[in-house]
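Undergrad: Residues 5 to 394 in our numbering are what the sequence shown spells out, letter by letter.
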Amino acid sequence: MDLRRSIILHPGKDKALRNRHHWIFSGAVRSLPEAEEGSIVPVLSAAGDLLGHAYFNRKCSILGRMVNFDGRPPLESLAENIGRALELRRAFFDGRTNAFRLVNAEGDGIPGLIVDRYADVLVLQISTLGMERLKPFVVETIVRLASPRTVHERSNVSSRREEGLPASEGALFGPAVESVEVLEDGLRFEVDVVRSQKTGLYLDQREMRRLVRALAPGRRVLNAFSYTGGFTVHALAGGAASAVSVDSSPAAVALARKNVGLNGLAADDSAFIAADVFEYVRGNDLPFDLVILDPPAFAKKKGEVVAACRAYKDLNRIVLGKAPPGALVLTFSCSAFVDEGLFRQVVFQAAGEARRRVRILHKHRQAFDHPLNIFHPESEYLKGFLLHVD
Ligand code: SAH
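1) Tell me which residue opens and which closes the alpha helix (DSSP H) that residue 59 is part of.
2) Does the beta-carbon of residue 300, which I'm using as the reference point, lie nearer than 7 Å to any heavy atom of the ligand SAH?
3) Look up residue 278 in the DSSP assignment and give the residues it is bridged to.
4) Does residue 56 pass the burial test, meaning 16 or more other C-beta atoms within 10 Å, or should it be called exposed?
5) Among 228, 65 and 325, which one has its Cα closest to the Cα of residue 249?
6) What's the C-alpha gap between residue 350 and residue 30?
7) Between the Cα of residue 129 and the Cα atoms of 69, 71, 78 and 155, which residue gives the shortest distance?
8) Do residue 190 and residue 217 come within 8 Å of each other at the CB atom, strictly closer than that value?
9) Considering Cα atoms alone, identify which of 274, 67 and 259 is closest to residue 195.
10) Measuring CA to CA, which of 81, 64 and 65 is closest to residue 71?
11) Let's test the definition: count the other Cβ atoms within 10 Å of the Cβ of residue 328 and tell me whether it reaches 16, buried, or not, exposed.
12) Which term fits residue 207, buried or exposed, when burial requires 16 or more other beta carbons within 10 angstroms of its beta carbon?
13) How close, in whole Å, do the beta carbons of residue 261 and residue 276 come, if the pair is a contact with beta carbons under 8 Å?
14) Just to check my reading of the structure: residue 138 and residue 87 have Cβ atoms closer than 8 Å, yes? What is that Cβ distance to the nearest angstrom?
15) I want to see whether chain B comes within less than 8 Å of residue 388, judged by CB atoms only; does it?
16) Can you tell me whether residue 44 is helix, strand or coil according to DSSP?
17) With DSSP run on the structure shown, which of helix, strand or coil describes residue 334?
18) Go through its chain and collect everything with a Cβ distance to residue 221's Cβ below 7 Å, but skip five positions before and after it.
19) Given residue 213, which residues of its chain have a CB within under 6 Å of its CB, disregarding the five upstream and five downstream residues?
20) Among 158, 391 and 123, whose alpha-carbon lies nearest the alpha-carbon of residue 136?
21) Using the three-state DSSP reduction, which class does residue 365 fall into: helix, strand or coil?
22) For residue 364, count neighbouring Cβ atoms within 10 angstroms of its own Cβ and tell me buried if that reaches 16, exposed if not.
23) Of the residues 17, 27, 39 and 20, which one's Cα is nearest the Cα of residue 10?
24) Given a threshold of 16 other Cβ atoms within 10 Å of its Cβ, counted over all protein chains shown, does residue 272 qualify as buried or as exposed?
25) Should residue 26 be labelled buried (16 or more other beta-carbon atoms within 10 Å of its own) or exposed?
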């Protein structure tokens, strides 16, 4: 083993990697390799044991990310992990749903890479320098294994800045596409792959949209933070008496209205509202039997947790306070820094301040196609509760 080409850890700092955790923090490293930033190098314990291979970037606090945990050629492991990720989805998705996450970064053992399938278009998002350098290999591998028409890149996440990478967007393979129509549980959605939030849809809420469809019959639904109307379409398809969608993005609201029409469902123009949800819930009575609260991550950093909790509490307090007896509230937080216990406490305080009796009927985490690597709990971010208000 060429020691100058390896990452060597301090004594006692190899435990996490031996437990297959993917991250190497700068404080754990005794010596760095004489190798180009972003390249894949062997990782050794202080005693000289080979722990696997990682790509590295000395600019980042997460200095390295493990690509494998053995002595195999790293590209062979990467291709195998992509294959395993695809196989898992094949076992769970039939023709009624053709929009799902194919590769979920550390959750599938592939740090720095997200690949979402939208019908025959794959949207790829790279967040690290190491993965950026592997892009040609990744594209070639997913094209070979998944046979898409197009691979479109949406690598625009803020973490790229710390890695010293500019945003990178556009077609990587096949003809350029602007939008694509997909199916989720047999319902049709237009996805703007070029200008959308995330890679196009919030795929992580699929099971919750299914739950809303099941709960919908006869209920008056408020979909707050509605984006392109995922919950709205599922509620109306399930037989909701009405469904109001509120989002601050006029483009998202317009697409929500279009998606309702695509499915031959009826909703008044007045049911699509481009507005701030906080202002909307403060300024209106809320005569709804089912309310969905799916806000963006209020805490994007650790330092924002206190302010985020205040915002989650305000939102939930107002909605719980105005909910008619018997209403259901499906409330979420997708801030990784607000864990389930903390979010539950915030909702508990909101219920207390609203002076309402609230029962939790159900819990949610991110959907099936967003697996959590059991050795890497940091990838958990979405949590939600279905509440019943007496
Ligand atoms: N529930 C959606 C995803 C919601 S993502 C789905 O299943 O597809 C969060 C949404 O909140 C985004 O569309 C964003 O435009 C919107 N948003 C962010 N801040 C907002 C605010 N203060 N008021 C209204 N909408 C807001």
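Don't be surprised by glycine CBs; every beta carbon is placed ideally from N, CA and C.
Keep in mind that this is a model prediction, so the values were computed, not measured.
TA: In brief:
1) No alpha helix (DSSP H) contains residue 59, which is instead part of the beta strand (DSSP E) from 54–60.
2) yes
3) 251
4) buried
5) 228
6) 34 Å
7) 155
8) no
9) 259
10) 81
11) exposed
12) buried
13) 5 Å
14) About 15 Å; that fails the 8 Å criterion.
15) The structure shown contains no chain B, having only a single protein chain.
16) strand
17) strand
18) 242 and 243
19) 234, 235 and 238
20) 158
21) strand
22) exposed
23) 39
24) exposed
25) buried
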